[in-house]
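Below is one structure, written out as structure tokens, with a few remarks after it.
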Amino acid sequence: MALPAPAFRNSFSSWATPPGRVGSGGALSGLTTTPIHALALGPHGEIAVSVGPPTVSRVLLWTHGATSSAPRTLTGHRLFVAALSFSPDGRILATGSDDRSVVLWDVHSGHRTATLTGHSDTVRALAWSTDHLLASAAEDGTVRLWDTRSATSHGIGPPLRYTDDDEVTALSASPDGRELAAANGHFAVNWPFAADAWTQRACAFTSDLRHDAREKDTITGYAAGTYPAAICAGDGNAEK
Numbered sequence: 105m106a107l108p109a110p111a112f113r114n115s116f117s118s119w120a121t122p123p124g125r126v127g128s129g130g131a132l133s134g135l136t137t138t139p140i141h142a143l144a145l146g147p148h149g150e151i152a153v154s155v156g157p158p159t160v161s162r163v164l165l166w167t168h169g170a171t172s173s174a175p176r177t178l179t180g181h182r183l184f185v186a187a188l189s190f191s192p193d194g195r196i197l198a199t200g201s202d203d204r205s206v207v208l209w210d211v212h213s214g215h216r217t218a219t220l221t222g223h224s225d226t227v228r229a230l231a232w233s234t235d236h237l238l239a240s241a242a243e244d245g246t247v248r249l250w251d252t253r254s255a256t257s258h259g260i261g262p263p264l265r266y267t268d269d270d271e272v273t274a275l276s277a278s279p280d281g282r283e284l285a286a287a288n289g290h291f292a293v294n295w296p297f298a299a300d301a302w303t304q305r306a307c308a309f310t311s312d313l314r315h316d317a318r319e320k321d322t323i324t325g326y327a328a329g330t331y332p333a334a335i336c337a338g339d340g341n342a343e344k
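Be aware that the sequence shown starts at 105, since it is given in our numbering, and climbs by one per residue.
Printed below as a string of structure tokens:
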């Protein structure tokens, strides 16, 4: 799960929340007066936070059961990290940056395992389909799909694009991992979240597929039927 974090705040508290009960909060150690840009929660209690001024890149990582101890610091991006997302099994942390790259980290060791390049602007959002398929969205208006199963992680097919002048600011995968929802300040669309369908449906979205959906600028979860579909068939004809 990835959550937006206000850049003007410098603290974050975590809560243990059994179903139907309100948990008690506990502040994470290691945070000072540095602004928080983004945060993500892993499936086993992992927490990742992007901190620092815009010209500095630093990601703090707490593993399960270690929220009271000093975090591990991950460095590898040249500019600030705008997006964070854990893989469904919690083994990989993906980070997207203003340096236009996506970096994959081994959560257990803290080592960088791959750097994914292809975007031409800030990577703003990340979402996982399965343990090896990762989608990234950027201010260049594209959504890219990556196969992360090896150290030589590569892109799958051409990028999907809204329009030439629209950035993509949010991504969310459906619970079954079959659909990917993407949004910005103007509209939201969804695509099949599968490698074979990705290469068949890549196309540019023109103005006739737009709709006013400013309230969907930030996606916090996926719900069936919430996002209007706008996909491109293999023959290039638009479908809604």
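Positions of the beta carbon are idealized from the N, C-alpha and C atoms, including for glycine.
Please classify T226 as buried or exposed, where buried requires at least 16 other C-beta atoms within 10 Å of its C-beta.
buried
What would DSSP say about A308, mapped onto helix, strand or coil? Low local confidence applies: a pLDDT of 37 at A308 is under 50, so the model's placement there is unreliable, and no value is given.
Notebook entry, point to check: In the DSSP assignment, what residue or residues form a beta bridge with A152?
Noted result: A144 and L165
Supposed close pair H223, T199 - CB separation, criterion 8 Å = Wrong, their Cβ atoms sit about 13 Å apart, outside the cutoff.
* Asked: Who are the near neighbours of I196 in its chain, counting only those whose CB is closer than 6 Å to its CB and skipping five residues on each side?
  -> L208
### Message
Rounding to the nearest angstrom, what Cα-Cα distance links H215 and L284 in this structure?
### Response
28 Å
Which value, in whole angstroms, describes the spacing of the CA atoms of V293 and H148? 30 Å
Between which two residues does the beta strand (DSSP E) containing N288 stretch?
Where N288 is concerned, there is no enclosing beta strand (DSSP E), given that its DSSP letter is neither H nor E.
- Query: Thinking C-beta only, is A229 closer than 9 Å to T273?
  - Reply: yes
Residue of I151, D210, N288 and A287 minimising C-alpha distance to T252: D210
- Task: Rounded to whole angstroms, what's the CA-CA distance from R162 to R282? Just pull it up for me.
- Result: 32 Å
- Taking the C-alpha atoms as reference points, what is the distance between G289 and P296? 22 Å
Self-check item: A346 versus L178: straight-line alpha-carbon distance, rounded
Solution: Outside the modelled stretch of the chain, which goes from 105 to 344, sits residue 346, for which no answer is possible.
Go to G200, then tell me how far its beta strand (DSSP E) extends in each direction, as first and last residue. I196 to S201
Three-state class that DSSP yields for P192 in the structure shown:
coil
### Query
Near F184, which residues of its chain fall below 8 Å by C-beta distance, leaving aside the five closest residues on each side in sequence?
H141, S154, G156, P157, P158, T159, V160, S161, S201 and D202
(request) Please report how far the alpha carbon of A277 lies from the alpha carbon of S173, in whole angstroms. (result) 32 Å
Original post:
In angstroms, rounded to a whole number, what distance separates the CA positions of R182 and A298?
Top reply: 31 Å
Which of the three DSSP states, helix, strand or coil, is assigned to S296?
Reading off the sequence, residue 296 comes out as Pro, not Ser. In the structure shown, P296 sits in a strand (DSSP, three-state: E or B).
Straight-line CA distance for K320 to L145? Since pLDDT at K320 reaches only 37, below the 50 mark, its modelled position is unreliable, and no value is offered.
Exercise. Do W232 and S191 have their C-beta atoms within less than 9 Å of each other?
Worked result: yes
**Item:** T273, DSSP secondary structure in three states
**Value:** coil
In DSSP terms, what H258 is bridged to = D251
*Using alpha carbons as the reference points, say which of L164, E150 and I151 lies closest to T138.*
L164
*Just reading off the beta strand (DSSP E) that L208 is part of, what are its end residues?*
S205 to D210
- Message: My assumption, with CB atoms under 8 Å, is that T217 sits in contact with S205. Please give the rounded CB distance.
- Response: About 13 Å; that fails the 8 Å criterion.
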